[in-house]
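Residues 0 to 151, numbered by numbering that gives the first Met the number 0, are exactly what the sequence shown covers, in order.
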Amino acid sequence: MDRVGPSGISGDLSSGDSVSEEQLRRLMGHGQDPTTGEQLGRPYRKFATATERVQRRVENLPDALSADERATQVGLIEGEEAAKPTGAPVAGFDLTFSVPKSVSTLWAVADGGTQALIAQAHHAAIQEVIELLERDVAATRVGAKGPRGAVA
């Protein structure tokens, strides 16, 4: 059954399904539909490396510079660009939910019923945090223009 989920991703995937490594690579690594490989929106930005930024700036230096002046300018440019971070697109975030050591210790020495209650409480807490993140924190861009500056 081919369907489109709330995320707009089509295919045979639904909430709670396991995905293959290739499907995850398509979605998170390339911004593509995990089932069809179709591009979802614009491809991720590619940021220039420090070497590429240096080369671009050196190419714009005036030809009238002497060899010593040119070497000095190249050195300055290389220093400036090396100090700048190289940007990287962020496709998503990995969240890890761990209980404090005291809860783990309590679970380890508890009887089976208490262990089940602790696990249920932990899972309920995770669900609440995810709902809060989805409602109040998570945002993405939808198109170039739109309501609230194209943020959804």
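Don't be surprised by glycine CBs; every beta carbon is placed ideally from N, CA and C. Given the structure is predicted, the values throughout are model-derived calculations rather than measurements.
When the Cα atoms are used, what is the spatial distance from residue i to residue j?
| i | j | result |
| --- | --- | --- |
| Tyr43 | Trp106 | 43 Å |
| Asp93 | Ser65 | 52 Å |
| Glu58 | Leu131 | 50 Å |
| Leu12 | Gln126 | 21 Å |
| Leu116 | Ala109 | 10 Å |
| Arg52 | Val89 | 21 Å |
| Gly111 | Pro99 | 19 Å |
| Gly91 | Pro33 | 15 Å |
| Val136 | His29 | 23 Å |
| Ala63 | Ser19 | 57 Å |
In the DSSP output, what is residue i paired with across the bridge?
| i | result |
| --- | --- |
| Gln38 | Gln31 |
Classify residue i as buried or exposed, calling it buried when 16 or more other Cβ atoms lie within 10 Å of its own Cβ.
| i | result |
| --- | --- |
| Pro5 | Residue confidence is low: Pro5 scores 44 on pLDDT, short of 50, so the model does not pin down where it sits. Its coordinate-derived value is still stated next. Under this definition Pro5 is an exposed residue. |
| Arg25 | buried |
| Gln119 | exposed |
| Glu133 | exposed |
| Glu80 | buried |
Is DSSP giving residue i helix, strand or coil here?
| i | result |
| --- | --- |
| Asp11 | coil |
| Thr48 | coil |
| Gly111 | helix |
| Val53 | helix |
| Lys83 | coil |
| Gly78 | helix |
| Asp67 | helix |
| Ser17 | coil |
| Leu131 | helix |
| Leu116 | helix |
Meets three-Cβ-pair contact criterion under 8 Å: the region 80-98 and the region 33-49: They touch, by the three-pair rule.
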